[in-house]
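Numbering (this note's numbering), first residue to last: 513 to 837. Every residue gets a Cβ at the ideal spot worked out from N, C-alpha and C, and that includes glycine.
Rendered as C-alpha coordinates:
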(Lines of atoms letter the chains of each structure in order from A; the text may use other names.)
(Lines give C-alpha, C1' and ligand atoms only; values in the text may rest on other atoms or scores of the structure.)
Protein backbone atom coordinates (compact mmCIF):
# COMPACT_ATOMS: atom_id res chain seq x y z
CA UNK A 513 0.00 0.00 0.00
CA UNK A 514 1.50 3.36 -1.02
CA UNK A 515 1.14 6.46 1.15
CA UNK A 516 1.54 10.15 0.40
CA UNK A 517 4.71 10.99 2.32
CA UNK A 518 4.14 14.73 1.84
CA UNK A 519 0.83 14.78 3.74
CA UNK A 520 0.89 17.22 6.65
CA UNK A 521 0.61 15.19 9.86
CA UNK A 522 0.05 16.79 13.26
CA UNK A 523 1.32 14.72 16.19
CA UNK A 524 -0.23 16.11 19.38
CA UNK A 525 1.93 15.28 22.38
CA UNK A 526 5.17 14.80 20.42
CA UNK A 527 7.32 15.31 23.54
CA UNK A 528 5.61 12.48 25.38
CA UNK A 529 6.74 8.89 25.30
CA UNK A 530 4.18 7.73 22.73
CA UNK A 531 4.09 10.90 20.65
CA UNK A 532 7.86 10.99 20.25
CA UNK A 533 7.86 7.32 19.21
CA UNK A 534 5.15 8.03 16.60
CA UNK A 535 7.27 10.89 15.21
CA UNK A 536 10.28 8.53 15.03
CA UNK A 537 8.21 5.94 13.19
CA UNK A 538 6.76 8.40 10.69
CA UNK A 539 10.19 9.88 9.98
CA UNK A 540 11.64 6.39 9.48
CA UNK A 541 8.91 5.72 6.91
CA UNK A 542 9.88 8.90 5.03
CA UNK A 543 7.13 11.33 6.04
CA UNK A 544 8.50 14.83 5.54
CA UNK A 545 5.76 17.17 6.75
CA UNK A 546 5.25 16.48 10.46
CA UNK A 547 3.84 19.34 12.53
CA UNK A 548 4.40 19.57 16.28
CA UNK A 549 3.84 22.11 19.06
CA UNK A 550 5.17 22.19 22.61
CA UNK A 551 2.85 22.94 25.51
CA UNK A 552 4.37 26.44 25.71
CA UNK A 553 3.50 27.00 22.05
CA UNK A 554 0.00 25.49 22.16
CA UNK A 555 -2.09 24.74 25.24
CA UNK A 556 -4.47 22.06 24.00
CA UNK A 557 -6.94 22.79 26.82
CA UNK A 558 -7.42 26.27 25.30
CA UNK A 559 -10.24 26.05 22.75
CA UNK A 560 -9.41 29.28 20.93
CA UNK A 561 -5.71 28.43 20.69
CA UNK A 562 -6.50 25.00 19.21
CA UNK A 563 -8.97 26.58 16.76
CA UNK A 564 -6.34 29.08 15.60
CA UNK A 565 -3.75 26.30 15.21
CA UNK A 566 -5.98 24.21 12.92
CA UNK A 567 -7.00 27.25 10.89
CA UNK A 568 -3.35 28.19 10.39
CA UNK A 569 -1.69 24.79 9.87
CA UNK A 570 -4.49 22.86 8.13
CA UNK A 571 -3.09 19.36 8.80
CA UNK A 572 -4.26 16.38 6.72
CA UNK A 573 -3.95 13.83 9.54
CA UNK A 574 -3.82 13.95 13.34
CA UNK A 575 -2.33 11.57 15.89
CA UNK A 576 -3.82 12.51 19.26
CA UNK A 577 -1.17 11.26 21.71
CA UNK A 578 -1.36 14.25 24.08
CA UNK A 579 -2.70 13.40 27.53
CA UNK A 580 -2.17 13.94 31.23
CA UNK A 581 -0.89 10.59 32.48
CA UNK A 582 0.47 9.06 35.68
CA UNK A 583 0.47 6.05 37.98
CA UNK A 584 -1.78 5.07 40.90
CA UNK A 585 -0.43 7.79 43.21
CA UNK A 586 -0.84 10.58 40.65
CA UNK A 587 -4.35 9.46 39.67
CA UNK A 588 -5.42 9.30 43.33
CA UNK A 589 -3.90 12.69 44.15
CA UNK A 590 -5.04 14.72 41.13
CA UNK A 591 -8.37 13.21 39.95
CA UNK A 592 -9.88 16.58 38.97
CA UNK A 593 -6.90 17.47 36.80
CA UNK A 594 -6.90 14.04 35.16
CA UNK A 595 -10.53 14.24 34.06
CA UNK A 596 -10.60 17.96 33.19
CA UNK A 597 -7.33 18.21 31.27
CA UNK A 598 -7.89 15.05 29.25
CA UNK A 599 -11.50 15.88 28.35
CA UNK A 600 -10.54 19.39 27.28
CA UNK A 601 -7.59 18.23 25.14
CA UNK A 602 -9.68 15.56 23.39
CA UNK A 603 -12.73 17.75 22.84
CA UNK A 604 -10.69 20.62 21.42
CA UNK A 605 -8.46 18.56 19.13
CA UNK A 606 -11.13 16.20 17.77
CA UNK A 607 -13.71 18.93 17.22
CA UNK A 608 -11.28 21.42 15.64
CA UNK A 609 -9.88 18.63 13.46
CA UNK A 610 -13.41 18.08 12.17
CA UNK A 611 -14.03 21.82 11.69
CA UNK A 612 -10.68 22.01 9.89
CA UNK A 613 -11.69 19.21 7.48
CA UNK A 614 -9.14 16.70 8.77
CA UNK A 615 -10.17 13.40 7.21
CA UNK A 616 -8.13 10.99 9.34
CA UNK A 617 -7.44 11.09 13.07
CA UNK A 618 -6.10 8.50 15.51
CA UNK A 619 -7.03 8.77 19.19
CA UNK A 620 -4.81 6.98 21.71
CA UNK A 621 -6.58 5.64 24.76
CA UNK A 622 -5.61 3.29 27.59
CA UNK A 623 -6.32 -0.21 28.88
CA UNK A 624 -7.88 1.36 32.01
CA UNK A 625 -11.06 1.97 29.99
CA UNK A 626 -12.06 -1.61 30.79
CA UNK A 627 -13.92 -2.70 33.95
CA UNK A 628 -11.82 -3.57 36.99
CA UNK A 629 -12.98 -7.19 36.89
CA UNK A 630 -13.28 -7.62 33.12
CA UNK A 631 -12.78 -11.18 31.85
CA UNK A 632 -9.15 -11.82 30.87
CA UNK A 633 -7.84 -11.22 28.31
CA UNK A 634 -9.85 -8.00 27.94
CA UNK A 635 -11.52 -7.81 24.54
CA UNK A 636 -12.88 -4.65 22.95
CA UNK A 637 -16.47 -5.69 23.73
CA UNK A 638 -15.76 -5.53 27.48
CA UNK A 639 -16.06 -1.73 27.31
CA UNK A 640 -18.86 -0.32 29.50
CA UNK A 641 -19.80 -3.72 30.95
CA UNK A 642 -18.84 -3.02 34.59
CA UNK A 643 -17.32 -0.70 37.19
CA UNK A 644 -13.93 0.85 36.54
CA UNK A 645 -10.83 0.58 38.73
CA UNK A 646 -11.45 3.36 41.33
CA UNK A 647 -7.84 4.59 41.44
CA UNK A 648 -7.89 5.83 37.85
CA UNK A 649 -11.60 6.19 37.10
CA UNK A 650 -11.44 9.91 36.13
CA UNK A 651 -8.71 9.24 33.56
CA UNK A 652 -10.58 6.19 32.24
CA UNK A 653 -13.84 8.14 31.90
CA UNK A 654 -12.02 10.76 29.83
CA UNK A 655 -10.52 8.10 27.54
CA UNK A 656 -13.89 6.40 27.07
CA UNK A 657 -15.33 9.79 26.14
CA UNK A 658 -12.58 10.18 23.53
CA UNK A 659 -13.45 6.85 21.91
CA UNK A 660 -17.14 7.72 21.86
CA UNK A 661 -16.43 11.18 20.47
CA UNK A 662 -14.54 9.69 17.52
CA UNK A 663 -17.35 7.18 16.97
CA UNK A 664 -20.05 9.83 17.21
CA UNK A 665 -18.37 12.11 14.68
CA UNK A 666 -17.91 9.14 12.33
CA UNK A 667 -21.56 8.16 12.67
CA UNK A 668 -22.86 11.67 12.08
CA UNK A 669 -20.32 12.99 9.60
CA UNK A 670 -18.49 9.97 8.19
CA UNK A 671 -20.43 9.74 4.95
CA UNK A 672 -21.32 13.41 4.50
CA UNK A 673 -17.83 14.77 5.27
CA UNK A 674 -15.63 11.76 4.52
CA UNK A 675 -14.01 11.63 7.97
CA UNK A 676 -12.47 8.49 9.47
CA UNK A 677 -11.52 8.86 13.14
CA UNK A 678 -10.04 5.76 14.79
CA UNK A 679 -9.00 4.73 18.30
CA UNK A 680 -6.31 2.42 19.64
CA UNK A 681 -6.08 1.21 23.24
CA UNK A 682 -2.55 0.37 24.37
CA UNK A 683 -1.67 -1.86 27.27
CA UNK A 684 0.94 -0.60 29.78
CA UNK A 685 3.70 1.16 27.86
CA UNK A 686 7.37 1.76 28.65
CA UNK A 687 10.54 2.83 26.89
CA UNK A 688 12.46 5.94 25.78
CA UNK A 689 10.90 9.22 26.89
CA UNK A 690 9.15 7.70 29.91
CA UNK A 691 8.44 9.67 33.09
CA UNK A 692 10.81 8.61 35.88
CA UNK A 693 9.36 10.88 38.57
CA UNK A 694 9.72 9.16 41.98
CA UNK A 695 5.99 9.52 42.81
CA UNK A 696 4.06 10.23 39.61
CA UNK A 697 5.42 7.53 37.31
CA UNK A 698 4.09 4.19 36.07
CA UNK A 699 5.34 0.88 37.39
CA UNK A 700 8.28 0.15 35.02
CA UNK A 701 9.94 3.60 35.15
CA UNK A 702 9.30 3.72 38.89
CA UNK A 703 10.99 0.34 39.35
CA UNK A 704 13.90 1.31 37.07
CA UNK A 705 14.54 4.37 39.21
CA UNK A 706 14.16 2.42 42.47
CA UNK A 707 16.52 -0.36 41.47
CA UNK A 708 19.06 2.01 39.93
CA UNK A 709 19.16 4.16 43.08
CA UNK A 710 19.36 1.05 45.26
CA UNK A 711 22.30 -0.22 43.19
CA UNK A 712 24.12 3.12 43.41
CA UNK A 713 23.52 3.32 47.18
CA UNK A 714 24.42 -0.35 47.63
CA UNK A 715 21.08 -0.90 49.43
CA UNK A 716 20.57 -4.49 50.61
CA UNK A 717 16.82 -4.55 49.83
CA UNK A 718 14.17 -2.95 47.63
CA UNK A 719 10.56 -3.00 48.91
CA UNK A 720 7.81 -2.97 46.26
CA UNK A 721 4.23 -1.78 46.80
CA UNK A 722 1.56 -4.49 47.00
CA UNK A 723 1.70 -8.27 47.09
CA UNK A 724 3.53 -8.83 43.80
CA UNK A 725 0.77 -11.16 42.56
CA UNK A 726 -1.17 -8.89 40.14
CA UNK A 727 -0.39 -9.56 36.50
CA UNK A 728 0.33 -6.87 33.95
CA UNK A 729 1.06 -6.78 30.24
CA UNK A 730 3.77 -4.43 28.99
CA UNK A 731 4.42 -3.10 25.49
CA UNK A 732 7.58 -1.32 24.35
CA UNK A 733 6.66 2.15 23.12
CA UNK A 734 8.17 1.76 19.64
CA UNK A 735 5.88 -1.23 19.14
CA UNK A 736 2.94 0.99 20.13
CA UNK A 737 4.02 3.64 17.64
CA UNK A 738 4.35 1.04 14.89
CA UNK A 739 0.88 -0.30 15.68
CA UNK A 740 -0.59 3.23 15.68
CA UNK A 741 0.79 4.05 12.25
CA UNK A 742 -0.23 0.60 10.99
CA UNK A 743 -3.84 1.12 12.11
CA UNK A 744 -3.93 4.66 10.70
CA UNK A 745 -2.70 3.41 7.32
CA UNK A 746 -5.25 0.61 6.96
CA UNK A 747 -7.79 1.25 4.22
CA UNK A 748 -11.28 1.94 5.52
CA UNK A 749 -12.78 -1.31 4.24
CA UNK A 750 -10.16 -3.37 6.07
CA UNK A 751 -10.54 -1.37 9.32
CA UNK A 752 -14.33 -1.60 9.14
CA UNK A 753 -14.13 -5.37 8.64
CA UNK A 754 -12.75 -5.81 12.19
CA UNK A 755 -14.72 -3.07 13.97
CA UNK A 756 -18.27 -1.82 14.47
CA UNK A 757 -19.63 1.75 14.35
CA UNK A 758 -20.18 1.81 18.14
CA UNK A 759 -17.27 -0.46 19.04
CA UNK A 760 -14.55 0.79 16.76
CA UNK A 761 -11.50 0.87 19.06
CA UNK A 762 -8.65 -1.62 18.68
CA UNK A 763 -6.54 -3.08 21.50
CA UNK A 764 -2.75 -2.96 21.21
CA UNK A 765 -0.92 -5.40 23.46
CA UNK A 766 2.17 -7.56 23.59
CA UNK A 767 0.20 -10.81 23.77
CA UNK A 768 1.17 -12.11 27.24
CA UNK A 769 1.57 -10.77 30.77
CA UNK A 770 3.81 -11.17 33.86
CA UNK A 771 3.31 -10.85 37.62
CA UNK A 772 4.65 -7.73 39.34
CA UNK A 773 7.02 -10.08 41.18
CA UNK A 774 8.37 -11.38 37.85
CA UNK A 775 8.59 -7.82 36.54
CA UNK A 776 10.54 -6.66 39.59
CA UNK A 777 13.11 -9.40 39.10
CA UNK A 778 13.35 -8.59 35.37
CA UNK A 779 14.01 -4.91 36.17
CA UNK A 780 16.56 -5.90 38.82
CA UNK A 781 18.34 -7.95 36.16
CA UNK A 782 18.21 -5.09 33.61
CA UNK A 783 19.67 -2.63 36.12
CA UNK A 784 22.11 -5.17 37.56
CA UNK A 785 20.77 -4.80 41.11
CA UNK A 786 22.09 -7.64 43.29
CA UNK A 787 20.13 -7.12 46.55
CA UNK A 788 16.92 -8.65 47.90
CA UNK A 789 13.39 -7.86 46.70
CA UNK A 790 10.40 -7.84 49.06
CA UNK A 791 6.78 -6.71 48.91
CA UNK A 792 4.57 -4.53 51.16
CA UNK A 793 1.05 -6.03 51.15
CA UNK A 794 -0.36 -3.04 53.09
CA UNK A 795 -0.06 -0.96 49.90
CA UNK A 796 -2.67 -1.17 47.09
CA UNK A 797 -2.33 -3.64 44.23
CA UNK A 798 -4.75 -2.09 41.75
CA UNK A 799 -6.53 -4.48 39.39
CA UNK A 800 -5.69 -8.17 39.88
CA UNK A 801 -4.95 -8.57 36.17
CA UNK A 802 -4.84 -6.41 33.06
CA UNK A 803 -4.20 -8.39 29.91
CA UNK A 804 -5.41 -7.18 26.54
CA UNK A 805 -6.98 -9.36 23.88
CA UNK A 806 -5.11 -8.15 20.78
CA UNK A 807 -6.56 -10.76 18.41
CA UNK A 808 -8.43 -8.09 16.44
CA UNK A 809 -5.15 -6.30 15.65
CA UNK A 810 -3.36 -9.61 15.02
CA UNK A 811 -6.01 -10.55 12.47
CA UNK A 812 -5.31 -7.26 10.70
CA UNK A 813 -1.67 -8.37 10.38
CA UNK A 814 0.28 -6.72 13.22
CA UNK A 815 2.24 -8.21 16.15
CA UNK A 816 4.65 -6.78 18.73
CA UNK A 817 8.40 -7.30 18.23
CA UNK A 818 10.16 -6.16 21.42
CA UNK A 819 10.27 -8.77 24.19
CA UNK A 820 10.38 -7.58 27.81
CA UNK A 821 14.07 -8.27 28.49
CA UNK A 822 15.17 -6.39 25.38
CA UNK A 823 12.73 -3.55 26.03
CA UNK A 824 13.84 -3.16 29.66
CA UNK A 825 17.49 -3.01 28.63
CA UNK A 826 16.66 -0.21 26.16
CA UNK A 827 14.49 1.57 28.74
CA UNK A 828 17.27 1.45 31.35
CA UNK A 829 19.76 2.84 28.83
CA UNK A 830 17.32 5.72 28.22
CA UNK A 831 16.97 6.31 31.97
CA UNK A 832 20.73 6.50 32.35
CA UNK A 833 20.85 9.13 29.60
CA UNK A 834 18.26 11.23 31.45
CA UNK A 835 20.35 11.00 34.63
CA UNK A 836 23.54 12.16 32.90
CA UNK A 837 21.95 15.33 31.50
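Close-in-space but distant-in-sequence residues of the same chain around residue i (CB under 8 Å, 5 per side omitted)
| i | result |
| --- | --- |
| residue 602 | 576, 619, 654, 657, 658 and 661 |
| residue 519 | 543, 545, 572 and 573 |
| residue 811 | 754 |
| residue 831 | 690, 692, 701, 704, 705 and 708 |
| residue 595 | 650, 651, 653 and 654 |
| residue 833 | none |
Three-state secondary structure (DSSP) of residue i
| i | result |
| --- | --- |
| residue 795 | coil |
| residue 728 | strand |
| residue 623 | helix |
| residue 551 | coil |
| residue 697 | coil |
| residue 821 | helix |
| residue 759 | strand |
| residue 576 | strand |
| residue 643 | coil |
| residue 806 | coil |
Euclidean distance between Cα positions of residue i and residue j
| i | j | result |
| --- | --- | --- |
| residue 536 | residue 551 | 19 Å |
| residue 586 | residue 797 | 15 Å |
| residue 828 | residue 700 | 10 Å |
| residue 818 | residue 558 | 37 Å |
| residue 608 | residue 685 | 28 Å |
| residue 720 | residue 772 | 9 Å |
| residue 791 | residue 675 | 49 Å |
| residue 524 | residue 624 | 21 Å |
| residue 774 | residue 768 | 13 Å |
| residue 808 | residue 751 | 10 Å |
| residue 762 | residue 553 | 31 Å |
| residue 802 | residue 592 | 24 Å |
| residue 578 | residue 526 | 8 Å |
| residue 723 | residue 777 | 14 Å |
Residue i vs residue j beta-carbon contact at 7 Å
| i | j | result |
| --- | --- | --- |
| residue 532 | residue 689 | yes |
| residue 755 | residue 711 | no |
| residue 597 | residue 615 | no |
| residue 638 | residue 707 | no |
| residue 764 | residue 738 | no |
| residue 735 | residue 816 | yes |
| residue 627 | residue 804 | no |
| residue 695 | residue 788 | no |
| residue 605 | residue 569 | no |
| residue 741 | residue 687 | no |
Classification of residue i by the beta-carbon crowding that lies within 10 angstroms, buried from 16 upward
| i | result |
| --- | --- |
| residue 840 | An answer regarding residue 840 cannot be provided, because it is not within the stretch 513 to 837 covered by the chain. |
| residue 562 | buried |
| residue 640 | exposed |
| residue 678 | buried |
| residue 795 | exposed |
| residue 567 | exposed |
| residue 589 | exposed |
| residue 672 | exposed |
| residue 540 | exposed |
| residue 825 | exposed |
| residue 538 | buried |
| residue 517 | exposed |
Own chain residues within Cβ distance below 7 Å of residue i, not counting five before or after
| i | result |
| --- | --- |
| residue 786 | none |
| residue 663 | 757, 758 and 760 |
| residue 800 | 726 |
| residue 515 | 745 |
Contacting residues, own chain, Cβ-Cβ under 6 Å from residue i (five flanking each side not counted)
| i | result |
| --- | --- |
| residue 630 | 638 |
| residue 648 | 587 and 624 |
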